[in-house]
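Just below is one structure, and these are the notes that go with it.
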Amino acid sequence: MEREALGLIECRGLVAMIEAADAAVKSANVVLVGWEKIDAGLVTAIVRGEVGAVKAAVDAGAAAGRKVGEVISTHVIPRPHAEVDAGLPVLHTGETTRKKISGSVHAQKSIAAHGAPSPSSMKATTSK
């Protein structure tokens, strides 16, 4: 089974990331699987889907994020190796429990249906 593409949009500030994530999921058939707060105000939105859709979503998200803030970097990995998924940080989903990215199409759709945040409901949390 072919793995889904992984798209990343890294922004400085939550507002730019939320705007980027909103535009990304509205522009193409992708799933927002989560976001990660880094340091120094950097936040990264993470989307999954078919390669073409993820590329379009990342481009649209980056353009939207630049309108309200600063986009630091974007990247699309067409078919990430399973170990890349396993090594990704725990993602913020806006819930009390957090989920890791899974390469399974069904798992991504399940996260979207039952736990993926809407951009307006995203809240940053930190883990110790």
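Under this note's numbering, the letters of the sequence shown match residues 2 to 129, in that order. Ideal Cβ positions, reconstructed from N, Cα and C, are used throughout, including at glycine.
What would DSSP say about residue i, mapped onto helix, strand or coil?
i, result
"E20", "helix"
"R67", "helix"
"A29", "coil"
"E89", "The sequence shown places Leu at residue 89, rather than the Glu named in the question. Looking at L89 - three-state DSSP - the assignment turns out to be coil, as it is neither helix nor strand."
"I112", "Annotation note: pLDDT 46 at I112 (below 50); position unreliable, no value reported."
"G53", "helix"
What are the residues that DSSP puts in a beta bridge with residue i?
i, result
"E37", "T45"
"E11", "T45, S74"
"A132", "Limits of the chain in this structure are 2 at one end and 129 at the other, which puts residue 132 out of reach."
Check each candidate in the options and name the one with the smallest Cα separation from residue i.
i, options, result
"D86", "V69, G66, A64, V48", "V48"
"R80", "K56, E71, R67", "K56"
"V59", "A17, L33, E5, I10", "I10"
"A6", "A64, A65, N30, R13", "N30"
"G53", "E71, R67, W36, V77", "V77"
"E37", "A24, R13, S28", "R13"
"L43", "S28, A17, A65", "A17"
Decide if residue i is buried, meaning its Cβ has at least 16 other Cβ atoms within 10 Å, or exposed.
i, result
"V26", "buried"
"E20", "buried"
"G8", "buried"
"G66", "buried"
Using only the alpha-carbon positions, how far apart do residue i and residue j sit?
i, j, result
"G50", "A41", "29 Å"
"A24", "G70", "14 Å"
"A61", "T75", "11 Å"
"I39", "A83", "22 Å"
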